[in-house]
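Below is one structure, written out as structure tokens; the observations come after it.
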Amino acid sequence: MNTSPSISLTAHIAGPVRWVAGAPCLPLILPEGSASLEGPVAGRYFLARCAEEVDGERTDWSLYLRRPLYAVQQRAPVQLPGDEWLLHLPPDEDPGHGWLRRRSEGASIDLLGPFGNGFSLPESGRNLLILADLTDNPGWLALLLALLEPMLDRGGRVTLLLRLDGSLDEAALSHLPIAVEIHTAPDESAWEQALATAIPWADQICAGVGRGRYTALAQAIQAKRFRLEEGFCQVLVQADILCAVGACLACVIPTANGGITRACTHGPVFDLTRLAQ
Ligand code: FES
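Residue numbers (my numbering): -16 to 260.
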């Protein structure tokens, strides 16, 4: 998994919030090369200050805590200097997210990051299975989106298995490369059946699923591959990230051996062997 030094950055809003892969994303321009990463950006995050600043000083302390914003995409903009990032901005009632949503184009945002261990893609594996439980979090597909192009670019094959209620939103799929094979599971039985079919041929799994599925996923892998090997399945965990440096313990999650670990620094992407047996 990838790591890089995290730094303080001034980003600028590049336009209105965009819906990408079924999730709202904040487009930001960061100074060119200021947040360069090894590997895909999926699983990496920034902490955004949600307050106005004048001469580098915040003027409002009512939204004291920074909000974690997960990377969806990074690319060089066509006309502007700098790097364009799309960061997932959850569509909830959180006042910090609301403050970010109300910023106008060109407004500056103070960021720290990028933080965390993201997903790693196999050097030699050719078949990547991506799991996204949209009944748990409609944003999972967007949070895994950055894995698709790099895997296809290296000649790999990508299969996407979506657990969802109701019908598939076609607009949510408009950002997916055409080469991605998409399967949907409208209920638990279909999900389990699709997993049993897909696991045997997969060289690696990257998953965005809730904590309640870790054990079942480990068991499904063991049932088809006899054991759960380290490196086979990575999971992006959901945790309350506040400080991002391992100091506050807000983000601790249970591990498979009965201990706990900090998702902000040791994750938020973990090997499934760390989380379930
Ligand atoms: S967010 Fe503070 S210890 Fe992880």
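We treat Cβ as the ideally placed atom computed from N, Cα and C, and that holds for glycine.
As the structure is a computational prediction, the values presented were derived from the model and not from experiment.
7 Å Cβ cutoff met for residue i and residue j
i    : j     : result
R264 : L30   : Since the first residue of the chain shown is -16 and the last is 260, residue 264 is not available in this structure.
T167 : L145  : yes
V252 : Q217  : yes
C234 : A222  : yes
A294 : L131  : Within the shown structure, residues of the chain are numbered from -16 to 260, placing residue 294 beyond reach of any answer.
L94  : L(-8) : yes
A6   : G139  : no
L104 : P64   : no
E106 : D66   : no
Nearest-angstrom beta carbon gap, residue j and residue i [assumed within contact, 8 Å]
i    : j     : result
A90  : I(-4) : 5 Å
Q187 : L111  : 5 Å
C8   : L72   : 6 Å
L117 : L156  : In fact, because the Cβ distance is near 12 Å, the residues do not count as touching under 8 Å.
G22  : G101  : 6 Å
Candidates the options, of which the one nearest residue i by Cα
i    : options                 : result
I12  : G(-2), E36, P23         : G(-2)
T248 : W174, N240, G99         : G99
L225 : L104, S172, G96         : G96
V220 : Q205, S(-9), A230, R196 : R196
A227 : Y28, W2, A239, A155     : Y28
A115 : L151, G16, I161, W184   : L151
I142 : A162, D136, R85         : A quick correction: the sequence has Thr, not Ile, at residue 142. Of A162, D136, R85, the residue nearest in Cα terms is A162.
A125 : D148, S107, L159, R137  : L159
L255 : P169, L211, L178        : L211
R109 : D119, L117, S87, L135   : L135
A206 : P183, S87, G242         : P183
A239 : T198, I204, A246        : T198
C189 : L52, G26, F209, Q57     : G26
E213 : Q260, G250, P169, R194  : Q260
E35  : R208, S87, P169         : S87
L52  : D170, G16, W68          : W68
R1   : A(-6), Y47, Q56         : Q56
E164 : D119, A177, P237, V24   : A177
D75  : N120, E175, Y47         : N120
I113 : D170, R208, W174        : W174
Exposure of residue i, with buried meaning 16 or more beta-carbon neighbours within 10 Å
i      : result
G79    : buried
I92    : buried
A181   : buried
G81    : exposed
T244   : buried
F215   : buried
P10    : buried
I204   : buried
G250   : buried
A154   : exposed
A185   : buried
I(-10) : exposed
A179   : exposed
A(-6)  : buried
Residue i Cβ short of 6 Å to the ligand HEM heavy atom set
i   : result
V55 : As for the ligand HEM, it is missing from this structure, which binds only the ligand FES.
Minimum Cβ-Cβ distance from residue i to chain B less than 7 Å
i    : result
L145 : In the structure shown, chain B cannot be found, because there is only a single protein chain.
Task: Residues whose Cβ lies closer than 6 Å to any heavy atom of the ligand FES, in chain order - done: I224, L225, C226, A227, G229, A230, C231, L232, A233, C234, R245, C247
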